[in-house]
Every structure is written in C-alpha cells, then in structure tokens.
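Residue numbers (the numbering used here), protein chains in the order written: chain A, 93 to 213; chain B, 93 to 213. The structure appears below as structure tokens.
Protein chains: 2
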Amino acid sequence: MTTVEHGAALDATFQALADPARRCMLAQLARGPAAVGKLARPLAMTLPAVMQHLAVLESAGLVRSQKIGRVRVCHIESRRLSLAARWIDQRRLEWERRLDRLGEYLQTPKRPRGDPHGDGN
Amino acid sequence: MTTVEHGAALDATFQALADPARRCMLAQLARGPAAVGKLARPLAMTLPAVMQHLAVLESAGLVRSQKIGRVRVCHIESRRLSLAARWIDQRRLEWERRLDRLGEYLQTPKRPRGDPHGDGN
DNA sequence: GATATAGTTAAGCACATGCTTAACTATTTA
DNA sequence: TAAATAGTTAAGCATGTGCTTAACTATATC
Chain A
93 MTTVEHGAAL DATFQALADP ARRCMLAQLA RGPAAVGKLA RPLAMTLPAV
143 MQHLAVLESA GLVRSQKIGR VRVCHIESRR LSLAARWIDQ RRLEWERRLD
193 RLGEYLQTPK RPRGDPHGDG N
Chain B
93 MTTVEHGAAL DATFQALADP ARRCMLAQLA RGPAAVGKLA RPLAMTLPAV
143 MQHLAVLESA GLVRSQKIGR VRVCHIESRR LSLAARWIDQ RRLEWERRLD
193 RLGEYLQTPK RPRGDPHGDG N
C-alpha cells in the first residue's frame, strides 16, 4: 500500500531526476539556497530553459522558491527525495534478501527430501 | 567526481523509474524472477508495449533477462538501484546536515562577535 | 528618470516516448 | 503434424519534452 498512493508523486519525482540539468540544479541547491541566475550559470542554456526546469522541479515538489525583490531564491524540499530513495531501497532490499536466502539454501549441505524447512515456497 | 561519470547511467535509470508500468514490473521482479507474460498480466496494455518497457529497463541496466525455451525470464540487477538511491541520499543528506547546522546556530545563545566558533562558514 | 539587472511569458520547433495493430517466429503440447 | 503458447518485429500515430528566440515586466542602481 505504501507504494500505490504515491504513484503520481513518484512519476513526477523520477521524471524530474532524469534530466542532468535538473540534477545539476539540485546538486547546487543541496549546498544551500540559490537564485535562479546562479543555478543557470553552469548550465550551457538560456534562462527561459532553466525556468522551465525549475518549474518541473517545483511541480514535482523537489524544490520551493520565493521571490525577494527581483531575485527568486530556491531551496530543496527533502521529503520527496526521501520518498524516492525509499521506494528504490525497498525494492532493492526485497530482492537482495531473496538472494541471501537463496545463497544460504544452496550452501546448505545435502538434506533428505521432504525434510521440514520452514518456508512454504 | 562520483556524480559526474555516472551521468548517463543516472539519466537512464531515473528515466526508467519514472513510468508506473516499469515500476510495477520492478516491484514484481523484486519478489523474484518472472517471465514477460507474467510481468504483463497486471498492466492493462498489450504485450509489445510491455516488451518496450522491458527494453528500457534492460538498457538502463536495471533488469537482465535470458530466454529459456520459448519463455524469457527476467530478473533485477540491483547495482543500478543502489547507484540511484545513493545519488538521492547524498543530496538529501548534504541538505539536511546544512539545516541541522543552521538549527544549532539559531539555538545558540547570544555570543560576543568575533568569538571562535570552530567552523569556517 | 534613465539604464542595467533578474526574471517571466509566449510561440514555435525538433525529437523522444508510449502506445497501438498487424504480421511473423519459435517452441511446446495434443 | 496441427494447433496452441510465448514472444518478437515493424510501422504508424498522438502526445510530451527540451530547447530556442523575441518581447515584456518588474526591481535596483546611477
């Protein structure tokens, strides 16, 4: 159930993370709040393009911003990052626990068939 | 440097994770290897569509598969999952450590200016 | 008040993505 | 060997994405 409701949020979050320019912006913001122009500097693209990336990050809930004077200051919103990381790790752990159990099973010395084993697979 | 070289891999990985059908396939595969047809069952789309999603997952390195008889069996490749989760958590932790330091600083009772403080921020 | 600065909006374009249908190829199974 | 099963390939289409240029709006700063 954890996974189901967050579907749309995860769509938007992973989609936002899939672009190198947006990851670059997030990496900068991880080091502290920054203005749009500052985010744009390392990016080899025009300001409007950066604005569009920012809009994607904001509507995914990864970033928030507020305008102060003529400057828009942006900062990371870390909850969505947690959500995404957790989704990945849950799948990974589920898979790796399976591998571990399988490894144990294969290492177990031969055993008479029909012996109790504790798992109904 | 960690972040830079993996750029293309992260593009492909997050792009792959951004689609609910592909996440559904991964969630199934986390519970164990499965055939294409089995992955397709809960998905409300045709088999060719599922094949295309599988191709995306494989070329992102998230899944591998081998054909046994007329059945293609797929399984998760967890290294790329780790890579993606780690990228997210590094940003998140960097940001949250910043917040913690800021919180401490604001809670610190007034102190004469120019006093040593131990941090070069 | 003129000019520079920082951001914003709108339009348009090239290419990528997600799906479909139709036709086809290999393996089982009866 | 005929028929069912599991997957594959190719083509086409609607929509989404990432970028650009051009024109415009607010704040500073001189």
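Idealized CB from N, CA, C, for every residue including glycine.
Grouping DSSP H, G and I as helix and E and B as strand, with all else coil, what is Ala110(B)?
-> In the three-state scheme derived from DSSP, where H, G and I count as helix and E and B as strand, Ala110(B) is classed as coil.
*State the start and end residues of the unbroken alpha helix (DSSP H) segment that holds His145(A).*
Leu139 to Ser151
Item to check | Proximity of Ala113(B) and Leu135(B) at Cβ, strictly below 7 Å | outcome: yes
Taking Cβ-Cβ distances below 8 Å as the criterion, which residues of the region 116 to 148 of chain B are in contact with chain A? Within the region 116 to 148 of chain B, the qualifying residues are Leu118, Ala119, Leu121, Ala122, Arg123 and Gly124.
Quickly, what does DSSP pair Lys130(B) with across the bridge? List them, please.
-> Looking at the DSSP assignment, Lys130(B) forms no beta bridge with any residue, so it has no partner.
Where Arg172(B) falls, given that 16 or more other Cβ within 10 Å makes a residue buried:
buried
* Does the beta carbon of Gly99(B) come closer than 7 Å to any beta carbon on chain A? -> yes
Original post:
Thinking C-alpha only, which one of Leu154(A), Leu121(A), Gly124(A) and Val142(A) is nearest Thr105(A)?
Top reply: Leu154(A)
inquiry  = In the DSSP output, what is Cys116(B) paired with across the bridge?
reply    = According to DSSP, which records beta bridges pairwise, Cys116(B) is partnered with nothing at all.
*Under the three-state reduction of DSSP, which class applies to Arg156(B): helix, strand or coil?*
In the structure shown, Arg156(B) sits in a strand (DSSP, three-state: E or B).
Worksheet item: Taking C-alpha atoms, which residue in Trp179(A), Leu191(A), Arg164(A) and His145(A) lies nearest to His167(B)?
Response: Leu191(A)
Requested in this report: Report yes or no: is there a C-beta of chain B within less than 7 Å of the C-beta of Asp211(A)?
Outcome: Confidence at Asp211(A) is low in this model, with a pLDDT of 40, below 50, so its placement is unreliable and the value that follows should be read with caution. Not one chain B Cβ lies under 7 Å of Asp211(A).
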